[in-house]
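First residue of the sequence shown? That's 1218 in the working numbering, and the numbers climb one at a time after it. See structure below.
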Amino acid sequence: MPVVNTVRGPVDVADLGQTLMHEHVFVLSPEHVGNYGTGAWWDEEYRVADAVAKLKAVAAKGVRTVVDPTVWGLGRYIPRVRRVADQVPELNIVVASGIYTFDEVPHQYEYRGPGLMMDVPEPMVEDFSRDIVEGIADTGVKAAFLKCAIERKGLTPGVERICRAVARTHLRTGVPITVHTNPSTGSGLLVLDLFLKEGVDPAKVVLGHSGDSNDLDHLMRLADTGATLGMDRFGLDAYNTTASRVATVAALCERGYADRMVLSHDSACFMDYFGDAWDEGIPLVAPNWRFDHIHDDVLPALREAGVSDAQVDQMLIDNPRRYFS
Ligand SMILES: [Zn+2]
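Here it is, written out as structure tokens:
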């Protein structure tokens, strides 16, 4: 039986259960919080306790696993996630390696690499592989998937280098890939084309944020490659309303694509993009953007729209298990 590494250690893929495939525990830049958060809007103990409470509430809905694609560029800091995971033993948290940028590589990789000032083998592949094989920094926690991003700027030289490093690390280690895409610009097709040229099996790829689109032809074209569509921003009505997201998922289920979709919110216990407006502001501007929206509102709406319990289980249980197998 294949196992997947979680924050607390390896778990049988058969035991992943209902899985939210794209949620963040913390989006919190260590550089930002260290300079502007501490002593101002950041309270470490309060936020850890708050995250524990929010994730316990998720588990109480029946979710057994949360997949957290917070990587370099989004403020990955595993010791804090570990503190939270240790206090929510009923929930698995799976963490990622990779880099999140829409344009250039971080300066820490700018001068090091094949053909660069420091002419060495691709250091991103070395760093990502270490996260997966040995563990992240000195935490002993192993990353179980890879994350990169391609936004409306498309395949910039920096994004291309990162996506290739992710593809090569995938081939070396076998762990699957999640890509942040922008479906309105068709960026998923660009990154899939690159992955295919690198020898990646699309079945090991989730095209994140595909659910921001209701263009069935585009979504079917992506899914027909074998890739999985991330219908993973339920509650972010500014990008696409719940009613439209539900109608699109139901239409794709009717066309036989329930085996190529996963569900999530892309929410977080805390996100520093909103600073101290997080607690009071988000419920006002994005009231559905919370970890229980899928179970409370989306699943009943999907059933109403003709999606069967078996298809819901495919999207919440079977597809995540296959992805990590
Ligand atoms: Zn995200």
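Even glycine gets a Cβ: it sits at the ideal position worked out from N, Cα and C.
Item, Value
"Could you check whether the Cβ of residue 1435 sits closer than 7 Å to any heavy atom belonging to ligand 1?", "no"
"Taking only the alpha-carbon atoms, compute the straight-line gap between residue 1344 and residue 1382 and give it to the nearest angstrom.", "10 Å"
"Would you say the region 1280 to 1299 touches the region 1227 to 1241, given that touching needs at least three Cβ pairs under 8 Å?", "yes"
"In whole angstroms, what separates the C-alpha of residue 1536 from that of residue 1328?", "39 Å"
"Assign residue 1341 to one of two classes, buried (16 or more other C-beta atoms within 10 Å of its C-beta) or exposed (fewer than that).", "buried"
"Relative to the C-alpha of residue 1276, which residue among 1298, 1251, 1302 and 1263 is closest?", "1302"
"Quick check on residue 1437: does DSSP put it in helix, strand or coil?", "helix"
"According to the neighbour-count rule (16 or more other Cβ atoms, all chains shown, within 10 Å of its Cβ), is residue 1350 buried or exposed?", "exposed"
"For residue 1235, is the classification buried or exposed, using 16 other Cβ atoms within 10 angstroms of its Cβ as the cut-off for buried?", "buried"
"Let me have the residue list for ligand 2: C-beta closer than 6 Å to any non-hydrogen atom, ordered along the chain.", "This structure simply doesn't include ligand 2; it includes ligand 1 instead."
"Report the residue ranges of all alpha helix (DSSP H) runs contained in full by the region 1326 to 1398; include only those spanning at least 4 residues, in chain order.", "1340 to 1350 and 1374 to 1390"
"Quick check on the DSSP output: the alpha helix (DSSP H) that includes residue 1404 runs from which residue to which?", "1404 to 1415"
"Beta carbon of residue 1313, beta carbon of residue 1363: below 8 Å?", "yes"
"Check the C-beta distance from residue 1401 over to residue 1430 and give it rounded, since I have them as a contact under 8 Å.", "6 Å"
"Are the region 1249 to 1263 and the region 1431 to 1447 in contact at 8 Å, needing three or more beta carbon pairs?", "no"
"Leaving out five residues before and five after residue 1520 in sequence, what residues of the same chain have Cβ atoms less than 7 Å from its Cβ?", "none"
"If we ignore side chains and look at the alpha-carbon of each, how far apart do residue 1442 and residue 1413 end up?", "10 Å"
"Look at the alpha carbon of residue 1337 and the alpha carbon of residue 1330, and state the distance between them as a whole number of angstroms.", "5 Å"
"Under 8 Å between the Cβ atoms of residue 1463 and residue 1478?", "no"
"With a CB to CB cut of under 8 Å and the five nearest residues on each side skipped, what residues in its chain are close to residue 1249?", "1292 and 1489"
"How close, in whole Å, do the beta carbons of residue 1508 and residue 1274 come, if the pair is a contact with beta carbons under 8 Å?", "7 Å"
"Let me confirm a value: residue 1254 is counted as buried when at least 16 other C-beta atoms fall within 10 Å, else exposed. Which label applies?", "buried"
"Which residues does DSSP pair with residue 1282 in a beta bridge?", "1236 and 1309"
"With three or more beta-carbon pairs closer than 8 Å as the criterion, would you say the region 1366 to 1374 touches the region 1391 to 1410?", "yes"
"Is it buried or exposed for residue 1460, if we count other Cβ within 10 angstroms and need 16 for buried?", "exposed"
"On a Cα-Cα basis, can you pick out the residue from 1322, 1231 and 1500 that is closest to residue 1454?", "1500"
"Among residues of its own chain, excluding the 5 on either side of residue 1299, which ones have a beta-carbon nearer than 7 Å to its beta-carbon?", "1224, 1356 and 1358"
"Given this structure, state the Cα-to-Cα distance separating residue 1244 from residue 1439, to the nearest angstrom.", "28 Å"
"According to the neighbour-count rule (16 or more other Cβ atoms, all chains shown, within 10 Å of its Cβ), is residue 1526 buried or exposed?", "exposed"
"Quick check on residue 1504 - is its C-beta less than 8 Å from some C-beta in chain C?", "Note that chain C does not occur in the displayed structure, where there is just one protein chain."
"Does the separation of the CB atoms of residue 1372 and residue 1409 fall below 8 Å?", "no"
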